Amino acid sequence: MAEAKQLSGAGLRGQVAGETALCTVGKSGAGLTYRGYDIADLAEKAQFEEIAYLLLRGKLPNRQELDAYTKKLQSLRGLPAALKTVLEQIPKDAHPMDVMRTGCSMLGNLETEEDFSEQDDKIDRMLAVFPSIITYWYRFAHEGVRIETESDVDSIGGHFLELLHGKKPSELHERVMNVSLILYAEHEFNASTFTARVCASTLSDIHSCVTGAIGSLRGPLHGGANEAAMALIQKFKTPEEAEEGLMGMLERKEKIMGFGHAIYKESDPRNAIIKQWSKKLADEVGDTVLYPVSERCEEVMWREKKLFCNADFFHASAYHFMGIPTELFTPIFVMSRVSGWTAHVKEQRANNRIIRPSADYTGPADAKWVPIEERP
Ligand SMILES: CC(=O)SCCNC(=O)CCNC(=O)[C@H](O)C(C)(C)COP(=O)(O)OP(=O)(O)OC[C@H]1O[C@@H](n2cnc3c(N)ncnc32)[C@H](O)[C@@H]1OP(=O)(O)O
Ligand SMILES: O=C([O-])CC(=O)C(=O)O
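Start counting the sequence shown at 1142; every next residue gets the next number (the working numbering).
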């Protein structure tokens, strides 16, 4: 059984900040569970839409419930005209995570949550429309086309790939997207989820909670690491070059993105799963560089620092092999994690007290007021 990491120090590490029935991370045994279900089982057997239902409605759907839920999500993919107008104003060189943040916020202006009784419908709308928001902007900004965002592809992952590439995805690619969205869906009190819960604790609206969470996810120490990992592996042409490059980075005490974790000690259970799919995709495209480079990075980091790949590292090569532009990697994380964020918002609302911790004061004591004319 994996031992839980000893947690203490800055960054609220190891401090319990609330309760959740949604997820366990780094506990002994399975390592990651959603409502008690092992992540490996879910990634192998489930549809992402089933996982969203599990997180948001509290149980696995039966066939009829899943079909109805999938149909509902399919029917919510269209973009309001005013949102398209806003997306069209955002420059081509904007970061797609900023587009997601603006898109979510604008949706909150157009389809405001007036009352918490509307929360499930607002959440389903975000799940359905986020792939439309990012691909509409991307294709308009980069290709000058206004795409139709309604599609009859069943899955959210397939919908994203179809809008991005303008054609139906292969079965393999749709499957990998499904697995990826499941792996990224939920992770207890990580930074972006905690952001959403803090916002929810003030009794704010659901779009504000998610907009704030998108901002937290954007950073390279969190969701942004999948893009940063891609930038890293693309620098190397051979495993030998990768080894030399990493040794230099470690000597200079640089952070290696896609490695390490705040909670897991020896491995991130999501890595073995996405790594396996990355290998399948590498074989499909005949890759002889990125996958071997990635594997060498994994070996070197473990050998030198006992640091392991987190969920982000092999996501980089997997997404790349499916022809997804690097800057869209973290928005895919948003398309998935919105299920976890909003499940946490619902949980916070159901048993709320405003989140307001204290701080140890380290500033000066008894400062005497100095009139402005006398200040140095
Ligand atoms: C889906 C996700 O969000 S997963 C996380 C994605 N983020 C990344 O991949 C960014 C790279 N990784 C990191 O920056 C960190 O490992 C974090 C932010 C994930 C966790 O941070 P912490 O909990 O502070 O890490 P931890 O306490 O285990 O660090 C122990 C030591 O290892 C070092 N370390 C941790 N990760 C790395 C890394 N990726 N590269 C180099 N050194 C590292 C730390 O600097 C620290 O050294 P120090 O004691 O000399 O200061
Ligand atoms: O739990 C964390 O700190 C980061 C993480 O892996 C996630 O949010 O998926």
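Note that CB positions come from ideal geometry on N, CA and C, so glycine has one too.
Just so you know, these numbers come straight off a predicted model, no measurement behind them.
Mind checking who residue i pairs with in its DSSP beta bridge?
i, result
"T1174", "T1165 and D1179"
"C1450", "F1400"
If distances are taken between C-alpha atoms only, which option among the options comes closest to residue i?
i, options, result
"A1372", "R1359, A1184 and A1457", "A1457"
"D1234", "S1349, L1224, S1216 and R1280", "R1280"
"V1430", "I1415, L1469, A1459 and D1265", "A1459"
"L1469", "H1402, H1283, I1180 and L1163", "H1283"
"G1360", "A1341, P1380 and N1331", "N1331"
"C1520", "I1374, V1511 and Y1502", "Because the chain here runs from 1142 to 1517, residue 1520 falls outside it and cannot be looked at."
"K1213", "D1261, I1495, G1244 and G1172", "D1261"
"H1314", "F1462, G1307, T1343 and G1244", "F1462"
"R1176", "K1186, K1200 and L1422", "K1200"
"G1524", "E1514, L1228 and I1414", "The question about residue 1524 has no answer here: the residues shown for the chain are numbered 1142 through 1517."
"Q1147", "S1321, K1406, F1377 and A1370", "K1406"
"A1223", "I1415, G1244 and A1193", "G1244"
"V1486", "E1191, T1226 and S1258", "S1258"
"V1441", "L1387, E1329 and I1274", "L1387"
"V1479", "G1399, I1231 and K1263", "K1263"
"N1493", "E1185, R1316 and C1340", "C1340"
"A1366", "I1397, R1393 and D1346", "I1397"
"T1467", "D1295, G1155 and A1370", "A1370"
"H1402", "M1390, K1446, L1248 and R1393", "K1446"
"E1289", "S1296, W1510, I1274 and R1154", "I1274"
"P1498", "H1300, I1415 and Q1156", "Q1156"
"E1368", "A1500, M1241 and G1399", "G1399"
"R1242", "C1350, I1297 and E1291", "C1350"
"D1428", "H1300, T1379 and G1389", "T1379"
"W1278", "V1240, R1490, E1291 and G1150", "V1240"
"L1207", "D1256, S1296 and Q1230", "S1296"
"D1265", "Q1205, R1198, E1439 and E1255", "R1198"
"E1312", "L1422, E1514, G1389 and E1488", "L1422"
"R1316", "M1390, E1392, I1415 and K1394", "I1415"
Can you check whether the CB of residue j is closer than 9 angstroms to the CB of residue i?
i, j, result
"V1426", "A1383", "no"
"F1189", "I1355", "no"
"G1159", "R1287", "no"
"P1237", "T1471", "yes"
"G1152", "I1404", "no"
"L1183", "A1484", "no"
"Q1215", "D1293", "yes"
"T1336", "L1305", "no"
"A1326", "L1196", "yes"
"V1475", "L1362", "no"
"G1219", "V1270", "yes"
"E1381", "R1437", "yes"
"M1318", "I1496", "no"
"S1477", "S1246", "no"
"H1328", "M1267", "no"
"A1193", "Y1210", "yes"
"G1481", "T1334", "yes"
"T1174", "T1161", "no"
"P1232", "L1251", "no"
"L1248", "I1465", "no"
"F1455", "N1412", "yes"
"S1408", "G1172", "yes"
"P1202", "E1185", "no"
"T1253", "D1346", "yes"
"A1181", "P1505", "no"
"I1307", "D1453", "Just to set this straight, residue 1307 is Gly in the shown sequence, not Ile. Their beta carbons are not under 9 angstroms apart, which means G1307 does not touch D1453 by this criterion."
"K1114", "G1298", "The structure shown does not extend to residue 1114, since the chain spans only 1142 to 1517, so no value can be given for it."
At a cut-off of 8 angstroms, would you count residue i as near ligand 4, judging by its Cβ distance to the nearest heavy atom?
i, result
"S1357", "Ligand 4 is absent from the structure shown, which contains only ligand 1 and ligand 2."
Legend entry - Any residue whose CB is nearer than 6 angstroms to a heavy atom belonging to ligand 1, listed in chain order: L1362, H1363, G1364, A1366, K1396, I1397, M1398, G1399, F1400, G1401, H1402, A1403, L1448, N1451, A1452 and D1453
Legend entry - Ordered list of alpha helix (DSSP H) runs contained in the stretch 1334–1402, each at least 4 residues: 1347–1358, 1366–1374 and 1380–1392
Inset, instruction - Please specify which runs of the alpha helix (DSSP H), each continuous and at least 4 residues long, are wholly inside the stretch 1413–1498, giving them in chain order. - result: 1431–1446, 1454–1462 and 1470–1491
Inset, instruction - Counting only runs of 4+ residues fully inside the stretch 1266–1344, write out the alpha helix (DSSP H) ranges in chain order. - result: 1297–1306, 1312–1325 and 1332–1342
Inset, instruction - Would you list, in sequence order, the uninterrupted alpha helix (DSSP H) runs of no fewer than 4 residues that lie entirely inside the stretch 1183–1259? - result: 1189–1198, 1204–1215, 1222–1230 and 1237–1251
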